[in-house]
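What follows is a short report on a single structure.
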Amino acid sequence: MKDVKKSEIKNLPQVPGVYIFKDKKGQILYIGKAANLRKRVKDHFQTKSFRDSLFADKVEKISFIETDSEVEAFILESKLIKKYLPKFNVMLKDSSNYFYVGYTKDDFPTILITHQPDKIKNNCKKITGPFVEGKSLKKVLHFLRKIFPYRMCPLNRKTPCSWYYIDQCEYCKIKDKSSKTKESEIKKACKKNVKTIFKILEGGYKSVINQLRKQMKKAVESQNFEKAIELRDALIALEKIMENAQVIKLDDIKKEGNKDYQKIEKYLQELFQTKKPVKRIEGYDISNIQGKMATGSMVCFVNGLPSKKDYRIFKIKTLQTPNDFGMIKEVLERRFKHQEWGLPDLIIIDGGKGQLGVGIEVLKKYNLENKILISAIAKRKNELFVPHKKTSILLKDMPDEVRRMILHIRDESHRFSRKLHFKIREKNIIKD
Numbered sequence: 005m006k007d008v009k010k011s012e013i014k015n016l017p018q019v020p021g022v023y024i025f026k027d028k029k030g031q032i033l034y035i036g037k038a039a040n041l042r043k044r045v046k047d048h049f050q051t052k053s054f055r056d057s058l059f060a061d062k063v064e065k066i067s068f069i070e071t072d073s074e075v076e077a078f079i080l081e082s083k084l085i086k087k088y089l090p091k092f093n094v095m096l097k098d099s100s101n102y103f104y105v106g107y108t109k110d111d112f113p114t115i116l117i118t119h120q121p122d123k124i125k126n127n128c129k130k131i132t133g134p135f136v137e138g139k140s141l142k143k144v145l146h147f148l149r150k151i152f153p154y155r156m157c158p159l160n161r162k163t164p165c166s167w168y169y170i171d172q173c174e175y176c177k178i179k180d181k182s183s184k185t186k187e188s189e190i191k192k193a194c195k196k197n198v199k200t201i202f203k204i205l206e207g208g209y210k211s212v213i214n215q216l217r218k219q220m221k222k223a224v225e226s227q228n229f230e231k232a233i234e235l236r237d238a239l240i241a242l243e244k245i246m247e248n249a250q251v252i253k254l255d256d257i258k259k260e261g262n263k264d265y266q267k268i269e270k271y272l273q274e275l276f277q278t279k280k281p282v283k284r285i286e287g288y289d290i291s292n293i294q295g296k297m298a299t300g301s302m303v304c305f306v307n308g309l310p311s312k313k314d315y316r317i318f319k320i321k322t323l324q325t326p327n328d329f330g331m332i333k334e335v336l337e338r339r340f341k342h343q344e345w346g347l348p349d350l351i352i353i354d355g356g357k358g359q360l361g362v363g364i365e366v367l368k369k370y371n372l373e374n375k376i377l378i379s380a381i382a383k384r385k386n387e388l389f390v391p392h393k394k395t396s397i398l399l400k401d402m403p404d405e406v407r408r409m410i411l412h413i414r415d416e417s418h419r420f421s422r423k424l425h426f427k428i429r430e431k432n433i434i435k436d
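And the structure:
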């Protein structure tokens with residue numbers, strides 16, 4: 005946790021996080037979350053609402069905690085409000101207006117949202133909260149339900165519900181006559197999934213991610229590749245939510261794309277020390293399970309927006325063993341044999357220093373090192389590596405619009421790489 009004085013709001017970072025207003029005695033007055041800490045905190049004092057006017061003059065110090073996403077900020081805000089019960093959170097938001105989440109006691113539990121936990125406590129095995137915003141809470145649950153489905157319909161339903169057909173109702177496998185899953189397995193999955201969601205809502209998402217990694221490794225070691233793929237997909241989706249997801253609509257980002265691109269391009273030109281235009285950016289990613297069924301993707305963004313007609317997908321031909329460097333080398337070499345596709349101004353490879361080194365080697369092979377800028381993005385710390393800098397650049401330190409675009413490119417390359425990977429899996433073929 006870091007602190008600034010009220011007079012130093014301009015020094016707050018422009019990243020997602022939670023802020024804590026304290027008085028001169030250090031007592032906590034108010035806790036809030038933000039997609040952009042500096043902007044949100046500034047709003048409290050510059051465009052005071054009646055609510056803000058009740059405590060703004062009492063604030064002496066502002067503590068803040070940076071998070072990797074708005075989802076993480078949302079969960080942390082709830083945790084801190086529950087722990088400290090700040091005076092003005094409680095006073096300004098009547099307790100009956102806070103949101104609570106519970107999961108039911110039955111064999112196929114579902115999740116309930118309520119303002120009044122006392123009314124559902126007899127039906128629920130566990131209740132957590134409070135959460136400040138119902139809209140954000142529902143979006144977070146929507147994200148998580150895609151990874152950890154649970155029962156979304158009444159127990160007495162005779163046919164599968166609509167949620168089942170988009171893989172978001174685990175219970176209705178019982179109602180699907182074509183399903184081969186045993187009732188005991190469905191019951192176990194429903195219970196496990198709601199418990200996992202609650203663990204995440206209470207701030208334990210890192211332990212969930214570690215557990216998924218262990219389970220995936222175990223599945224690979226036992227050569228249960230179907231299970232390993234399922235776990236890997238859950239892991240990627242959960243990491244995406246917790247590290248990158250924003251509780252805003254993708255349409256809002258797309259609308260901002262062209263408007264913000266001049267700022268993005270200027271930042272990239274300064275970062276890469278070039279005066280050349282940076283209009284076309286290509287993102288590359290590899291998908292595989294221990295080297296098997298490996299695919300590579302190339303996605304293309306022009307002026308900050310996807311250009312799907314320029315996307316390409318590659319099935320790895322030369323390797324069947326784990327070798328991320330060899331696979332990205334193959335993809336890049338095959339791509340640059342097709343210069344008739346047009347050349348990018350910048351490429352972003354999913355990976356770290358090793359992948360960056362491979363990329364530089366390929367550019368030199370095709371005499372493109374002075375024509376194309378190159379970088380690599382490492383997912384674990386959300387950091388960007390560029391050739392002329394000894395240390396990485398953290399995405400959280402970049403302007404919002406630049407960070408959002410880079411993450412969008414990375415996530416899109418993940419998605420597109422998995423597209424062919426899934427087709428290969430479904431057909432159960434592995435060719436040279």
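With this note's numbering applied, the sequence shown corresponds to residues 5 to 436, in that order. Beta carbons are placed, not taken as given, at the ideal position from N, Cα and C, and that holds for glycine. Values in this document were obtained by computation on a predicted structure and should not be read as measured data.
Worksheet entry | Sequence-distant residues of the same chain with beta carbon closer than 7 Å to D98, five excluded per side | Any reading at D98 must be qualified, since the residue scores a pLDDT of 48, below 50, and its modelled position is unreliable; no value is offered.
Discussion item. Extract the residue ranges of the beta strand (DSSP E) inside the stretch 15 to 82, only unbroken runs of 3 or more that lie entirely within it.
Written reply: 21 to 26, 32 to 38, 65 to 70
Worksheet item: Given D354, which residues of its chain have a CB within under 8 Å of its CB, disregarding the five upstream and five downstream residues?
Response: G287, Y288, D289, I290, A380, I381, K383, R414, S417, H418
Item to complete: Since I believe I117 is in contact with V105 (beta carbons under 8 Å), could you give me their beta-carbon distance rounded to a whole number of angstroms?
Response: 6 Å
Worksheet entry | R438 in three-state terms, based on DSSP | For residue 438 there is no data in the structure shown, the boundaries of the chain being 5 and 436.
Practice prompt. Pull up the distance between the alpha-carbon of L145 and that of D56, whole angstroms please.
Written response: 29 Å
Practice prompt. Please classify M409: is it buried, with 16 or more other beta-carbons within 10 angstroms of its beta-carbon, or exposed?
Written response: buried
Worksheet item: Between I352 and G308, is the Cβ-Cβ spacing less than 8 Å?
Response: no
Worksheet item: Considering only the beta carbon of each residue, do G21 and A77 sit closer than 8 Å?
Response: yes
Worksheet entry | Rounded separation between Q250 and D328 - CA only | Note that Q250 scores a pLDDT of 47, beneath 50, so its modelled location is shaky and nothing firm can be said.
Practice prompt. Tell me whether K14 is buried or exposed, calling it buried when 16 or more other Cβ atoms sit within 10 Å of its Cβ.
Written response: exposed
Worksheet item: In the DSSP assignment, what residue or residues form a beta bridge with G300?
Response: I290, F318
Worksheet item: Considering only C-alpha positions, which residue in the set A193, V63, F49 is nearest to G30?
Response: V63
Item to complete: With DSSP as the reference, label K130 as helix, strand or coil.
Response: strand
Item to complete: Just mark E405 as buried or exposed, buried being the case when its beta carbon has 16 or more other beta carbons within 10 Å.
Response: buried
Item to complete: With a floor of 3 residues, list each beta strand (DSSP E) that falls wholly inside the stretch 328 to 391, ordered by position along the chain.
Response: 350 to 354, 377 to 382, 387 to 389
Worksheet item: Can you tell which of L336, Y88, K218 has the C-alpha that lies nearest to the C-alpha of V303?
Response: L336
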